[in-house]
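Peer 1:
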Amino acid sequence: MSSIASGTVSTTRSTLCFRKIPKPVMQWQDVTVKMVVDAPASVAYKLYADREMFPKWMPFLSSVEAMEGSPDLSRYLVKLESFGQNIEYHFLAKNLQPIPDRKIHWRSIEGFENRGSVRFFPRGPSSCLVEISFSYEVPNAFAPVAFAMKPFMENIIRGGLERFAAFVKTI
1 MSSIASGTVS TTRSTLCFRK IPKPVMQWQD VTVKMVVDAP ASVAYKLYAD
51 REMFPKWMPF LSSVEAMEGS PDLSRYLVKL ESFGQNIEYH FLAKNLQPIP
101 DRKIHWRSIE GFENRGSVRF FPRGPSSCLV EISFSYEVPN AFAPVAFAMK
151 PFMENIIRGG LERFAAFVKT I
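In the UniProt record's numbering, the protein residues as written are 1 to 171.
1. With a cut-off of 8 Å on the beta carbons, I'd call A44 and F120 a contact; round off their distance for me.
2. Quick check: what's the CA-CA separation for M26 versus P125?
3. By Cβ distance, which residues of its chain are closer than 8 Å to T32, with the 5 residues on each side in sequence left out?
4. Going by alpha carbons, who is nearest to Y76 out of M35, F152, F83 and F112?
5. Does the region 144 to 160 come close enough to the region 65 to 75 that 3 or more CB-CB pairs lie under 8 Å?
6. Consult DSSP for E113 and reduce its assignment to one of helix, strand or coil.
7. Under 8 Å Cβ to Cβ from E110, same chain only, skipping five residues before and after it: list those, please.
8. Which same chain residues end up closer than 6 Å to P122 when comparing Cβ atoms and leaving out the 5 residues on each side of it in sequence?
9. Rounded to whole angstroms, what's the CA-CA distance from F54 to K79? Just pull it up for me.
10. State the beta-bridge partners of D72 as determined by DSSP.
11. Given a threshold of 16 other Cβ atoms within 10 Å of its Cβ, counted over all protein chains shown, does M67 qualify as buried or as exposed?
12. Just reading off the beta strand (DSSP E) that Q134 is part of, what are its end residues?
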């Protein structure tokens, strides 16, 4: 019997049998960031609904590409530096049914496991509260140190929301 990266192979004469290696047990980590933005909820929502504009206020997103023929799917390329390492990964996300001027939400369907939402709460005619909730999977083996990653993720998302608030003022 020999093993290969995708599973274990048993050979008997000309028959190959593959046993799938189980996916590691994961747990979800959640981050929520809120900020008042000087724009009506409808304006903030409209800007956030254009996913391909995300890199303008989220520099860790190198690109976001809406999939041709599937407007609810987008491919994200993430590039960031952490702990002296350059990190790059991608994921394909499906936008779920939005609530116009109120909520945009998604879940990944390929690549980095994540899900989240952006909610818009009116605060009068010219401002709104924007709330970003983001959840991502961490292998159980890293659970004891996952708490150290949470402030890092909060800072990344808070920085993106601060840049979004500044970007809205230029419109």
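Glycine residues also receive a C-beta, built at the ideal position from the N, C-alpha and C atoms. None of these values were measured; they are calculated from a predicted model.
Peer 2: On the basis of the supplied data:
1. Taking a contact as a CB-CB distance under 8 Å, the pair A44 and F120 counts as one, their CB atoms being some 5 Å apart.
2. Taking C-alpha positions only, M26 is separated from P125 by approximately 43 Å.
3. Here the set comprises E131, I132, S133 and F134.
4. The option with the nearest alpha carbon to Y76 is F112.
5. Cβ pair count under 8 Å is below three, so no.
6. Coil at E113, not helix or strand.
7. A distance below 8 Å between beta-carbons, with the five flanking residues on each side excluded, links E110 to the following residues of its chain, in chain order: F91 and L92.
8. If we look at P122 and ignore the five residues flanking it on each side, its Cβ neighbours are A41 and C128.
9. C-alpha separation (whole angstroms): 13 Å.
10. According to DSSP, residue pairing for D72 in a beta bridge does not occur.
11. By the Cβ neighbour-count rule, M67 is exposed, with fewer than 16 other Cβ atoms within 10 Å of its own.
12. Looking at the sequence itself, residue 134 is Phe, so the reference to Gln does not match. Residue range C128 to P139 is occupied by the beta strand (DSSP E) that includes F134.
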